Each structure stands twice: as structure tokens, then as C-alpha cells.
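Colleague:
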Amino acid sequence: MTTLHISGFPHIGRKREFKHALDAYWSGTLSQQKLVQTAHAVREENWGIQIASGLDWLTVGDFSYYDQMLDLTCMLGAIPKRFDISPEKADLDAYFILARGAKNTPALALTKWFDTNYHYLVPEVSSKTTFSAYPTLLTEAIQAAKLHQLPVKATLIGPLTWLYLSHPDKNFDRLQLLPGLIETFKVLLKAFKEAGAGLIELYEPALGLDLDPNWIEQITPTYNSLCQSTPILLSTVFSSVNYLAPLLNHLKISGLHLDIVRGPEQLELFLNTYPKDKFLSLGVIDGRNVFKANLREVLQQVDVAHKKIGARLWLATSCSLLHCPIDIKEETRLDPTLKSWLAFSVQKLEELALLKKGLDQGIKSIEADLRQSDQIAQARQDNEFARNNTVRDRVQSIAVADLNRKSPFPQRKIQQQEKLKLPPLPTTTIGSFPQTADIRKARAAFRANHMEASEYHEFISHEIRMAIQHQNSLGLDVLVHGEAERSDMVEFFAEKLDGFLLTQNGWVQSYGSRCVKPPIIYGDVSRPKPMTVGWTHFAQSITTRPVKGMLTGPITLMGWSFVREDLSREAVLLQLALAVRDEVEDLESAGIGIIQIDEPAFREGLPLRKGMRETWLKQAVNAFRLASSGVSDATQIHTHMCYSEFSEILDAIKALDADVISIEASRSKMALLEDISNYPNDIGPGVYDIHSPRIPEQEEIATLIGRALEKIPADRLWINPDCGLKTRNWREVKIALENMVKAAQSERKKLAG
Ligand code: GLN
Ligand code: ZN
Numbered sequence: 121m122t123t124l125h126i127s128g129f130p131h132i133g134r135k136r137e138f139k140h141a142l143d144a145y146w147s148g149t150l151s152q153q154k155l156v157q158t159a160h161a162v163r164e165e166n167w168g169i170q171i172a173s174g175l176d177w178l179t180v181g182d183f184s185y186y187d188q189m190l191d192l193t194c195m196l197g198a199i200p201k202r203f204d205i206s207p208e209k210a211d212l213d214a215y216f217i218l219a220r221g222a223k224n225t226p227a228l229a230l231t232k233w234f235d236t237n238y239h240y241l242v243p244e245v246s247s248k249t250t251f252s253a254y255p256t257l258l259t260e261a262i263q264a265a266k267l268h269q270l271p272v273k274a275t276l277i278g279p280l281t282w283l284y285l286s287h288p289d290k291n292f293d294r295l296q297l298l299p300g301l302i303e304t305f306k307v308l309l310k311a312f313k314e315a316g317a318g319l320i321e322l323y324e325p326a327l328g329l330d331l332d333p334n335w336i337e338q339i340t341p342t343y344n345s346l347c348q349s350t351p352i353l354l355s356t357v358f359s360s361v362n363y364l365a366p367l368l369n370h371l372k373i374s375g376l377h378l379d380i381v382r383g384p385e386q387l388e389l390f391l392n393t394y395p396k397d398k399f400l401s402l403g404v405i406d407g408r409n410v411f412k413a414n415l416r417e418v419l420q421q422v423d424v425a426h427k428k429i430g431a432r433l434w435l436a437t438s439c440s441l442l443h444c445p446i447d448i449k450e451e452t453r454l455d456p457t458l459k460s461w462l463a464f465s466v467q468k469l470e471e472l473a474l475l476k477k478g479l480d481q482g483i484k485s486i487e488a489d490l491r492q493s494d495q496i497a498q499a500r501q502d503n504e505f506a507r508n509n510t511v512r513d514r515v516q517s518i519a520v521a522d523l524n525r526k527s528p529f530p531q532r533k534i535q536q537q538e539k540l541k542l543p544p545l546p547t548t549t550i551g552s553f554p555q556t557a558d559i560r561k562a563r564a565a566f567r568a569n570h571m572e573a574s575e576y577h578e579f580i581s582h583e584i585r586m587a588i589q590h591q592n593s594l595g596l597d598v599l600v601h602g603e604a605e606r607s608d609m610v611e612f613f614a615e616k617l618d619g620f621l622l623t624q625n626g627w628v629q630s631y632g633s634r635c636v637k638p639p640i641i642y643g644d645v646s647r648p649k650p651m652t653v654g655w656t657h658f659a660q661s662i663t664t665r666p667v668k669g670m671l672t673g674p675i676t677l678m679g680w681s682f683v684r685e686d687l688s689r690e691a692v693l694l695q696l697a698l699a700v701r702d703e704v705e706d707l708e709s710a711g712i713g714i715i716q717i718d719e720p721a722f723r724e725g726l727p728l729r730k731g732m733r734e735t736w737l738k739q740a741v742n743a744f745r746l747a748s749s750g751v752s753d754a755t756q757i758h759t760h761m762c763y764s765e766f767s768e769i770l771d772a773i774k775a776l777d778a779d780v781i782s783i784e785a786s787r788s789k790m791a792l793l794e795d796i797s798n799y800p801n802d803i804g805p806g807v808y809d810i811h812s813p814r815i816p817e818q819e820e821i822a823t824l825i826g827r828a829l830e831k832i833p834a835d836r837l838w839i840n841p842d843c844g845l846k847t848r849n850w851r852e853v854k855i856a857l858e859n860m861v862k863a864a865q866s867e868r869k870k871l872a873g
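Taken in order, the sequence shown gives residues 121 to 873; the numbers are from the numbering used here.
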């Protein structure tokens, strides 16, 4: 019999009830008892779904009050000293302090989890870090799960990934902590076993990176030592671990999990070399996308494995379902055809169950389901609303000239300067102004048909008018319309582009209680009509200063969506780029002289394996260039990215050939300028940390500008905040921007002598 399991199920709740409970608890309107009740109810529901779907193991430990990395940090007693929380007293409120900070104590840093859109809390380690085991968090869950009939598998992040992702104190070698970490892990595992876990799954996405030899050599001693206490399933996810195959095959673990969706090439290698004394878990149903599997193809794949290893074959989703929405049944407004193409978490468990049945009871037993799956695959190929031949032809006929501006940057710069006549150290913002409660209320009312279109239109034009007025009186040089009409920088465009689908309930956790609802790219992407020209043109019509048009770029539109698999990602990216290009050209025709194409997802798209990076970067650069190169030399193209670690991708950033790039820099106090001091075009390193309610003084901003001027010539430096201002309020923004403009003006005076 084939065994079914998963590495994790989403824990925000079917209707985001746990997310809402968390928000309510933090705002003081829900008791801790109620919060815990909601948590337990969601956990029970998740187990119920697993049982009903015929899974063979109940997975425990995937449910988290905030983040699984933080759970492990607490269970290891590795709370940084700066919090002044002793691990034995770390109750739920202390846990939330680690996650969200407290007065004068910043939270643990949040960073993207591998190449996903999920953020984890970064452990902090130093020579002073010590470990001791606090297993209760998980033993409690194991005991609760034991009340059901299925055997219990406890899942947690593996020691190597935890340590690899931890942030070490200056010059501290994290690997020094490994022996102590392993000892504490052993104590934890023993406690989980005693509580009733029949198997421990250690989730190790870090093995899918190109680890350095000093890390690789730790894998065998670490795992062989841990296996002494309990049976272990080692789960690798997100990319191929072929480079580690001989080593992984010789570990004394009970089983190994491979992500066959991301690394199908692993199947052949492992099947040929896999030892006879272990089970092999194949992640064949995509845990990171929302389309139904082609069951016949997957069945063929797993049948090969089944013939070779028989009952030692386990089947699973490729990775934890954390990155997937919960249940397609919650979608009541989707077109029925499109809906029939999709599988969310619940449906993915059903797909696993069908595969098991096909293997164990013969292909005939699921013939009807296979036929249905074939039909859907066929329908996706043929469907007239997925295919747009005009777009396909356009992609085919993209020429090299389409990827290049007419002249090189120095010549463009002269023309832009003649047209825009900006002062030295020009000031601008990144696009959005505060999304006030009024704005959110109006948008919700309009969406629910409680507000007439004309009234909403009037409301937005008022907001834009106000934003322009404020910017004029602050004395900013390049204005923006403020993005009041946009809820989210991807959703806004997804609603207007053909080929995208929006769900009502397709939420996935981004971090803590924050969820996102990624749009789904199901068909060829095209732009039926201009998307931003109306409001941008309106904003420009009420001021004599230049207004910068704001667009989300192709890489980010793709990166923050679920993407069809029946077309190459490169082709999808080019379709998106063409749609953005059309918008750029229309903005230019409408008299907009500066256009910003935001690409905050540029860096996270970078493949985990180094060998795949060059190809991806080339595709990404080409897409940006295709989107931005249709304009005349005198039109100024900006781009924006929300982070500052550029060293790895600097060449690609240069190759974008944007006239101006704005990036985050204020938190690092301009340290990043070391890396990018030879950036050839204009650059605006942020001088105002918009992630914090703190308002920077004029002096402070002037100091940052002074520092930037040491690395960047004055005629290429722009002055702007780190990112958009939508999460701030107007009071903060007005004072901060006033300080920023004054600081720029006084630096300008100094430059003039
Ligand atoms: N233009 C967007 C804004 O200002 C950019 C946001 C982002 O980079 N994440 O909100
Ligand atoms: Zn940003």
C-alpha cells in the first residue's frame, strides 16, 4: 500500500478566522482563551480534512501562532538576550513580542522564505547563544492529535535550515553552534516521540541551495546523530538535491522526501540508487500552485517508482501547502470552466488520494477521474479564452530593437534634462500616499455596489487633487498621483488585464496575520485598454510640475501571481512585458514625461540553484527592457526596488538601463552604496525609513544625503523615501517629506557654493 502524507496545511483558517482572531487579540478585543480556541478549532478542522481525504499520517506542528521558524526558535530556547525574556517564561505574549516587537525592542527581522512570498522570523545567534529544549508547544499538539485514529507525524524545521537562516553576530561562525543545537534537538525529538509522534519530519529547504562544502559535510553527522533517538523523515523542498544524492542515500534516516515538481530530474537518479531500507516520499502534487495536476502524467511518473520500490513509496504534495489557498469550494463567483481547472489545498489532498488508489487498486479503478483530468488538460490547451493569437504573434516577432532605448543613457539624460529642467538632487516619492480609512471605506463601498461609480470617481479625483496640492506646497520636484485608486500594486493591474483571474478567498499567509490573495494567470495576457492613463493624466492636468506615471513591472506581476504551467514562464513574462509596454507608450502619448516601473519582486525571483540564475536574470532583464524601451529618449524611465542587497544582481540591475532607480537605503544608513557606487545611471537611495512611524529630522536626512554624495556624483543623485507611503499617515508623511525637501534644498545650496 502506498502511504500518503503532507508536510503542512495552511493555518489561517478557511475564512481566515485565525487571522482575524490574531488581529482581534492584538488589538485587545479578543481574549487569549478565545484566540486559543480558534487556533484549536482550525487545527482540528485541518486534521479532519486530512483524515477525510484518506491520508495515512496526521501532520502536527505545521499550525503556528505566527511562524514555524519562530516556533522552533522558542522550542530551542534561543531567544536573543536583547528581549530579556527567559525561555521558561516564554508564554504566548512573549512569543508575540519576539514576532512583533515591543516598546524600544524591535521584533526579530522578517525575511522572505526561500523563493516564496512567505516571510519568516530570522533567528539571531552569537557566541553567547545557548540552547535548551522547551518541547511543550509541539507535545501539546501531538497529544491533541493522538485523540484521532491516525498515526501522528510531527513536522518541524530541520536544524541545518534553522542555523543556515539565522543571522549571526559580526564575524561569528554559526556552525560553531551546531553540536549544541543537535544535542537540544535530540531532547526535543525524544519528547515528541514520548508524546506519541510515530515519525518526525525535519523540513530542510536549505539543502536545495548550493550549500558550501563546510555545510555539506555537516549533513551526515547531524542526521546520523538525530536518527538515534527517533525515526526521521528528511524533507527537501523547492529544488533538486541531486548534487547531494550519494550522501543522502547513505543517511540512517527512515525516509527522504523529494520535491518532484521543482526537480523532476531527481526521480531517475534516486530510483536508480536509493537504498532498500528506507521509504521514499515523492512530492508530485504542486504545493505552490493552484492548477489541477495532469493525473495521467503524474500516475505514469509514480508508477515507475511504485514498480521499483513498491510499498516503500510515499506520495505527498511537493512542499507544505502553506503557500496554497485552502479550498476552491469557497469560490462562488468564478467562471465554472476556469474553476474546473483549479485545485487548492483540499483538492490537492483529493488528487493524492486518487493517485494512491490508481497505484494500489489499478489504473482502472480511477479511469473516470483520469478521463476527467485528461479533458481538463485538453480544455486548457484549446480554450479560446486562454489563447490570444495576437499576443502570441507579438511575442514571436519581438526584435532586438524592441529591447533597446534609442540612445545610450548619457544622450538620453541630456534630452530629459532639457525637457524636465529639474534642479540638482531632485526630490520625489515612490508612488503611494497614505491609504486612509476613508479611502479603504470608499473602495469597499464601491466594490459592494453601495457607492455609485460617479460618486467613487469623484472621491478618487478629490484624493488625487489633495495629493497634488500637498506635494506642490511641500515643494517636491517630481509628483505622483498617490495611487488612491489601487488596493494592491499587483491586484490593481490583474483586474484590468486579460488572462488574469481574481479569487474571493484565495488567501495565503504572507507573515503573521498578514495574508495576500495572489491573482491567477490562466491565459494569454493582454491589455484591452489603458489602465492608468486616466488618473495620471488628470493629476498632470492640475499641476505644472511633472507627474510620474506609476506601473507595476512584468517581473513583479508574474512573481506575485500564480502562473499557468502550460506555457513557459519566459513566454508569460514577455506577454506581461508587452502589456506594460503598451501602457508606457500610452502614458507617454498622454503627455506623461516620467514613468516608473516598479519591480520589488526582481530579486526574489532569483532561482535557488546558482546554475539557473543567469538564464533567469537574462529573461527578467529582457522583460523589463521590453516593457520600458518603446519610449523616446526624452521620456524618463524610473524603476524601484524595495531592498538593498544588490551585490549579487548588480550587473542585471545595470542591464535594466532605467534612467533612474530608487532603492531602500535609510536603515542601512547608506552602507549599500559601497556595492553600487559604480552604478552608471541616476539613483535615489532612500533617505526616509517608511517602515517605521518615526519621523526623520532634516539634519538626519541631510547627513544621509551627504553620505550618498561621497559615493554618487551630485548630478546623478535623487532624493526620495525608501518605498511607497501607503502604510503611513498624512501627519507623519507631511512632516517627513517637508524635512526631506528642506534637507535637499540646503544640500543643493552647498553644492552651488
Ligand atoms: N509604487 C508603489 C508604492 O509606492 C511601490 C510599492 C513597492 O515597491 N512595494 O506603493
Ligand atoms: Zn518599495
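Every residue gets a Cβ at the ideal spot worked out from N, C-alpha and C, and that includes glycine.
Treat the numbers as computed from the prediction; the structure is a model and nothing was measured.
In its own chain, which residues sit with a C-beta less than 8 angstroms from the C-beta of Ala374, not counting the 5 before and 5 after it?
Modeller: Residue numbering aside, residue 374 sits at position 254 when the sequence shown is read from its first letter. According to the sequence as given, residue 374 is Ser; it is not Ala. Cβ within range, chain order: Leu319, Cys347, Pro351, Ile352, Leu353, Lys398, Phe399.
Colleague: Fully enclosed by the stretch 250-292, which beta strand (DSSP E) runs are 3 residues long or longer?
Modeller: Complete beta strand (DSSP E) runs here, min 3: 272-277.
Colleague: One question on the structure: do Arg100 and Tyr763 come within less than 9 angstroms of each other, judged by their Cβ atoms?
Modeller: With the chain covering only 121 through 873, there is no way to say anything about residue 100.
Colleague: Closest to Ser355 by CA distance: which of Thr275, Leu257, Ala614 is it?
Modeller: Counting from 1 along the sequence shown, the entry for residue 355 is found at position 235. Checked all of Thr275, Leu257, Ala614; the closest Cα to Ser355 is Thr275.
Colleague: Tell me the DSSP secondary structure of Cys635 in three-state form.
Modeller: In the sequence shown, counting from the first residue as 1, residue 635 sits at position 515. Of the three classes helix, strand and coil, the one that applies to Cys635 here is strand, per DSSP.
Colleague: From which residue to which residue does the alpha helix (DSSP H) around Lys616 run?
Modeller: Position 496 of the sequence shown, counting from 1, holds the residue named residue 616. 611-616 is the extent of the alpha helix (DSSP H) around Lys616.
Colleague: Return the first residue and the last residue of the alpha helix (DSSP H) that Val422 is part of.
Modeller: Along the sequence shown, one-based indexing puts residue 422 at 302. It spans 415-429 - the alpha helix (DSSP H) in which Val422 sits, taken as one unbroken run.
Colleague: Cβ atoms of Leu540 and Leu871: under 9 angstroms apart, would you say?
Modeller: Taking the first residue of the sequence shown as 1, we reach residue 871 at position 751. Taking the first residue of the sequence shown as 1, we reach residue 540 at position 420. Not in contact: Leu871 and Leu540 (Cβ atoms no closer than 9 angstroms).
Colleague: Quick one: residues in its chain with C-beta nearer than 7 angstroms to the C-beta of His590, no 5 flanking neighbours on either side, listed in chain order?
Modeller: Translated into the one-based positions of the sequence shown, residue 590 becomes position 470. Counting only Cβ-Cβ distances below 7 angstroms, and skipping sequence neighbours, we find Lys854.
Colleague: Going by beta-carbon coordinates alone, are Leu241 and Met189 separated by less than 9 angstroms?
Modeller: Locating residue 241 in the sequence shown gives position 121, counting from the first residue. Locating residue 189 in the sequence shown gives position 69, counting from the first residue. Cβ distance < 9 angstroms, so Leu241 and Met189 count as in contact.
Colleague: How long is the line joining the alpha carbons of Asp489 and Asp406, rounded to whole angstroms?
Modeller: Along the sequence shown, read from residue 1 onward, the residue named residue 489 stands at position 369. Along the sequence shown, read from residue 1 onward, the residue named residue 406 stands at position 286. Computed Cα separation, rounded: 18 angstroms.
Colleague: Let me check you understand the geometry: is the CB of Cys762 closer than 8 angstroms to at least one non-hydrogen atom of the ligand ZN?
Modeller: Counted from its first residue, the sequence shown places residue 762 at position 642. For the ligand ZN, at least one heavy atom lies less than 8 angstroms from the Cβ of Cys762.
Colleague: Mind listing, in chain order, the continuous alpha helix (DSSP H) runs of no fewer than 4 residues lying wholly within the stretch 539-575?
Modeller: Counting only runs of 4 or more, we get 557-567.
Colleague: Helix, strand or coil for Arg321, going by three-state DSSP, please let me know.
Modeller: By one-based count along the sequence shown, residue 321 stands at place 201. First, the residue type needs correcting, since residue 321 is Glu and not Arg in the sequence shown. Strand at Glu321.
Colleague: Beta-carbon within less than 7 angstroms of Gly750's beta-carbon, same chain only, minus the 5 sequence neighbours each way: which residues are those?
Modeller: Against the sequence shown, residue 750 aligns to sequence position 630. So the qualifying residues of the chain are Arg701, Val704, Glu705.
Colleague: Nearest to Ser252 by alpha carbon, out of Gln263, Ala210, Leu364, Gly602?
Modeller: Numbered from 1 along the sequence shown, position 132 holds the residue referred to as residue 252. With distances taken between Cα atoms, Ser252 lies closest to Ala210.
Colleague: Name the DSSP beta bridge partners of Met670, please?
Modeller: To locate residue 670, count along the sequence shown from 1; it is residue 550. For Met670, which the question treats as bridged, DSSP gives the partners Gln716.
Colleague: Sort Pro727, Asp423, Gln739, Ala721 by Cα distance to Glu690 and report the nearest one.
Modeller: Sequence index remark: in the sequence shown, residue 690 carries index 570 (1-based). If we check each option's Cα against that of Glu690, Gln739 comes out closest.
Colleague: Alpha carbon to alpha carbon, how far is Lys468 from Leu441? Give it in angstroms, no decimals.
Modeller: Taking the first residue of the sequence shown as position 1, residue 441 is located at position 321. Taking the first residue of the sequence shown as position 1, residue 468 is located at position 348. Roughly 9 angstroms separates the two Cα atoms.
Colleague: Among Phe579, Pro528, Lys412, which has the Cα closest to the Cα of Gln498?
Modeller: In the sequence shown, residue 498 corresponds to position 378, counting from 1. Among Phe579, Pro528, Lys412, the Cα nearest to that of Gln498 belongs to Lys412.
Colleague: My output table needs one value for Thr663: the three-state DSSP class, helix, strand or coil.
Modeller: Here the question's residue 663 lines up with position 543 in the sequence shown. Here Thr663 sits in coil by DSSP.
Colleague: Measuring alpha carbon to alpha carbon, tell me which residue in Glu417, Asp597, Pro554, Glu605 is nearest Glu578.
Modeller: Here residue 578 corresponds to residue number 458 of the sequence shown, with the count starting at 1. Closest option to Glu578, Cα to Cα, is Glu605.
Colleague: Starting from Tyr240, follow its DSSP beta bridges and name the residues at the other end.
Modeller: Locating residue 240 in the sequence shown gives position 120, counting from the first residue. Beta-bridge pairing links Tyr240 to Thr231.
Colleague: Determine whether the beta carbon atoms of Thr672 and Leu599 lie at a separation below 9 angstroms.
Modeller: Locating residue 672 in the sequence shown gives position 552, where the first residue counts as 1. Locating residue 599 in the sequence shown gives position 479, where the first residue counts as 1. Going by C-beta atoms, Thr672 is not nearer than 9 angstroms to Leu599.
Colleague: Do you know whose CA, among Leu594, Ile796, Asn801, Asp191, lies nearest Arg532's CA?
Modeller: Within the sequence shown, residue 532 is the residue found at index 412, counting from 1. The residue with the shortest Cα to Cα distance from Arg532 is Asn801.
Colleague: If we count the other Cβ atoms within 10 Å of its Cβ and call it buried at 16 or more, is Asn859 buried or exposed?
Modeller: Along the sequence shown, read from residue 1 onward, the residue named residue 859 stands at position 739. By the neighbour-count rule (16 or more Cβ atoms within 10 Å), Asn859 is buried.
Colleague: I want to check one thing, is the minimum distance from the CB of Glu470 to the heavy atoms of the ligand NAP below 8 angstroms?
Modeller: This structure does not include the ligand NAP; its bound ligands are the ligand GLN and the ligand ZN.
Colleague: Can you list, in chain order, the residues of its chain whose CB lies under 7 angstroms from that of Arg416, leaving out five sequence neighbours each side?
Modeller: For the purposes of this step, residue 416 is identified with residue 296 of the sequence shown, where counting begins at 1. Here the set comprises Leu490, Ser493, Asp494.
Colleague: What alpha helix (DSSP H) runs, 4 residues minimum, are completely inside the stretch 513-540?
Modeller: For the stretch 513-540, whole alpha helix (DSSP H) runs of length 4 or above, ordered along the chain, are 529-540.
Colleague: DSSP three-state call for Gly128: helix, strand or coil?
Modeller: Position 8 of the sequence shown, counted from the first residue, corresponds to residue 128. Three-state DSSP puts Gly128 in coil, outside helix and strand.
Colleague: For the candidate residues Leu371, Arg567, Phe682, whose alpha-carbon lies nearest to that of Asn344?
Modeller: Taking the sequence shown and counting its residues from 1, the one referred to as residue 344 is at position 224. It is Leu371.
Colleague: Since Asp756 sits in a beta bridge, which residues does DSSP pair it with?
Modeller: Within the sequence shown, the letter at position 636 stands for residue 756. Position check: residue 756 holds Gln in this sequence, whereas Asp was assumed. DSSP lists Ile714 as partners of Gln756.
Colleague: Please determine, among Pro130, Thr122, His125, Leu124, the residue with the shortest C-alpha to C-alpha distance to Val636.
Modeller: Here residue 636 is taken as the residue at index 516 of the sequence shown, counted from 1. Looking at the Cα atoms, Pro130 is the closest of the given residues.
Colleague: Buried or exposed: Asp777, going by 16 or more other Cβ atoms within 10 Å of its Cβ?
Modeller: Taking the sequence shown and counting its residues from 1, the one referred to as residue 777 is at position 657. Buried, since its Cβ has 16 or more Cβ neighbours within 10 Å.
Colleague: Per DSSP, Asp447 forms a beta bridge with which residues?
Modeller: Looking up residue 447 in the sequence shown gives position 327. BP columns for Asp447 are empty, so no partner.
Colleague: Classify Pro341 as helix, strand or coil using the three-state DSSP reduction.
Modeller: Position 221 of the sequence shown, counting from 1, holds the residue named residue 341. Pro341 falls in the helix class under three-state DSSP.
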